[in-house]
Amino acid sequence: MSDSPVLTLGETMGLITGGRIGSLAHVSEAHVGIGGAETNVAVSLSRLGVPVTWLGRVGDDSLGRRIVREVRGEGVDVRAQVDTEAATGLMLKELTGRGTARVYYYRAGSAGSRLAAADVPVGLVENAALVHLTGITPLLSDSAREACRSVVGRARAAGVRVSVDVNYRSTLAPAPVAAEVLGELAEQADLVFGSPDELAHIAPDGAAGLPDAAATEDIAALVRALDPGGTREIVVKRGADGASAYRDGAFVDAPGHHVDVVDTVGAGDAFVAGYLSGDVHGWSVEKKLARANACGAVMCTMPGDWEAAPTPSELEAFLASGGDPVQR
1 MSDSPVLTLG ETMGLITGGR IGSLAHVSEA HVGIGGAETN VAVSLSRLGV PVTWLGRVGD
61 DSLGRRIVRE VRGEGVDVRA QVDTEAATGL MLKELTGRGT ARVYYYRAGS AGSRLAAADV
121 PVGLVENAAL VHLTGITPLL SDSAREACRS VVGRARAAGV RVSVDVNYRS TLAPAPVAAE
181 VLGELAEQAD LVFGSPDELA HIAPDGAAGL PDAAATEDIA ALVRALDPGG TREIVVKRGA
241 DGASAYRDGA FVDAPGHHVD VVDTVGAGDA FVAGYLSGDV HGWSVEKKLA RANACGAVMC
301 TMPGDWEAAP TPSELEAFLA SGGDPVQR
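Under the UniProt record's numbering, the first residue of the sequence shown carries the number 1, and numbering increases by one thereafter.
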């Protein structure tokens with residue numbers, strides 16, 4: 001395993017979650033926390049023993065200070081610019097049922113959305129083992145998009161591997177705009193993650209209209225359309241139904257785990273971290289998929305966007321039990 005860290009960058013926000021199932025118009029209490037796709041991945045990687053750096057912007061406010069403290073407390077190397085001219089973004093999570101939620105974002109003009117290429121110092125990208133981005137960051141603002149483009153360009157020039165999780169958010173951009181921006185980013189990545197629907201968003205014309213993106217044969221056709229030359233590694237997330245990966249012309253399927261779901265938010269990020277942790281170790285696709293599926297499943301068994309991210313010993317216990325989340 002390389003001693004160099006994985007580098008990820010993007011916006012992390014304050015998170016307010018309703019204290020019980022019900023509309024925020026009626027619940028009487030809530031919990032304060034933090035959340036963001038990139039720091040979810042960073043915390044998960046850190047717990048799996050992978051050195052990781054997160055870079056972003058926070059406001060000069062209580063939520064910004066909380067983000068820096070909590071992420072750094074998880075062993076992540078935090079490079080946070082404090083923006084004195086914009087507030088830390090906020091998201092509200094409304095619990096709609098057991099394992100389901102509705103999320104509202106208040107991030108327009110936030111400190112995190114003002115991320116810029118100049119925020120990423122010389123050497124940070126070039127000395128990384130791998131750079132991980134999501135499709136969220138380049139849709140936040142023009143400056144954030146240019147920051148992503150700059151980081152990817154620098155990584156490619158330095159021979160640093162690039163990972164992209166499509167992670168499409170319809171509230172940030174309409175599908176045609178997102179397809180162009182995220183497709184450009186994914187084309188330059190060594191590793192691309194996404195659900196069948198997300199991958200269809202960025203697929204070339206003709207591939208996006210596949211009749212059943214959940215069918216194995218259609219998923220295989222989709223990823224081959226995305227990577228006809230077989231030069232990239234494309235990982236398809238299917239939740240409890242498992243995952244697939246396509247590399248060097250070979251398509252590998254791996255079964256998922258069926259658990260008692262408490263909260264699915266952050267499960268996809270834990271999955272990505274599990275896969276990347278194996279990637280920096282040079283593991284086989286099969287082994288990376290197995291760890292990723294286990295990380296995603298464990299994450300679903302407890303509330304929170306990142307709090308349930310497992311350690312290697314917790315993964316071993318989960319898998320030793322046959323994937324049963326109840327230890328007796």
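Note that beta-carbon positions come from the ideal geometry of N, C-alpha and C, so glycine has one too.
- The continuous stretches of beta strand (DSSP E) do not include I21, and DSSP gives it neither H nor E.
- Look at M302 here: in three-state DSSP terms it is coil, with no helix or strand label.
- Close CB contacts of V181 within its chain, under the 6 Å cut and outside five residues either way in sequence, are with P138 (chain order).
- For E233, the pairing in a beta bridge is given by DSSP as L191.
- In terms of Cβ geometry, A240 and G266 do not form a close pair [threshold 8 Å].
- The secondary-structure analysis by DSSP pairs G14 across a beta bridge with I34 and L90.
- In this structure, DSSP gives D269 a helical state, which the three-state scheme calls helix.
- Between the alpha carbons of T84 and R102 lies a gap of roughly 30 Å.
- Secondary structure at Y275: helix, using DSSP grouped into helix, strand and coil.
- DSSP links R247 through a beta bridge to A250.
- The beta carbons of L115 and A147 sit about 5 Å from each other, so the pair counts as a contact at 8 Å.
- Counting the other Cβ atoms within 10 Å of the Cβ of T231 gives fewer than 16, which makes it exposed.
- With respect to G183, D165 sits apart: the two C-beta atoms are not nearer than 8 Å.
- Judged by their CB atoms, G64 and V82 are nearer to each other than the 8 Å cut-off.
- Its chain contains G59, D61, S110 and A111 as the residues whose beta carbon lies nearer than 7 Å to that of A87, once the 5 sequence neighbours on both sides are disregarded; these appear in chain order.
- Cβ-Cβ distances below 6 Å link K93 to T17, A101 and V103 in the same chain, with the five nearest sequence neighbours on each side left out; the list follows chain order.
- Here G274 is near R291, since their CB atoms are less than 8 Å apart.
- Under the DSSP assignment, H132 falls in the beta strand (DSSP E) whose first and last residues are L130 to T134.
- In this structure, the beta-carbon distance from V43 to W306 falls below 8 Å.
- T8 and I219 have their C-alpha atoms some 28 Å from each other.
- Put simply, the segment 285-299 does not touch the segment 15-31. Fewer than three CB pairs are less than 8 Å apart.
- By the Cβ-count criterion, T12 is buried, with 16 or more other Cβ atoms from all chains shown falling within 10 Å of its own Cβ.
- In this chain, the alpha helix (DSSP H) harbouring V151 covers D142 to A158.
- In the displayed model, V280 falls within a helix according to three-state DSSP.
- Within the DSSP bridge table, the entry for T100 names G97 as partners.
- With distances taken between CA atoms, V78 lies nearest to V6 out of G322, A309, V6 and G99.
- In this structure, DSSP gives S62 a helical state, which the three-state scheme calls helix.
- Here A80 carries a strand assignment [DSSP, helix/strand/coil].
- DSSP lists Q81 as the beta-bridge partner residues of R57.
- Nearest Cα to S150 within the set V177, T39 and V122: V122.
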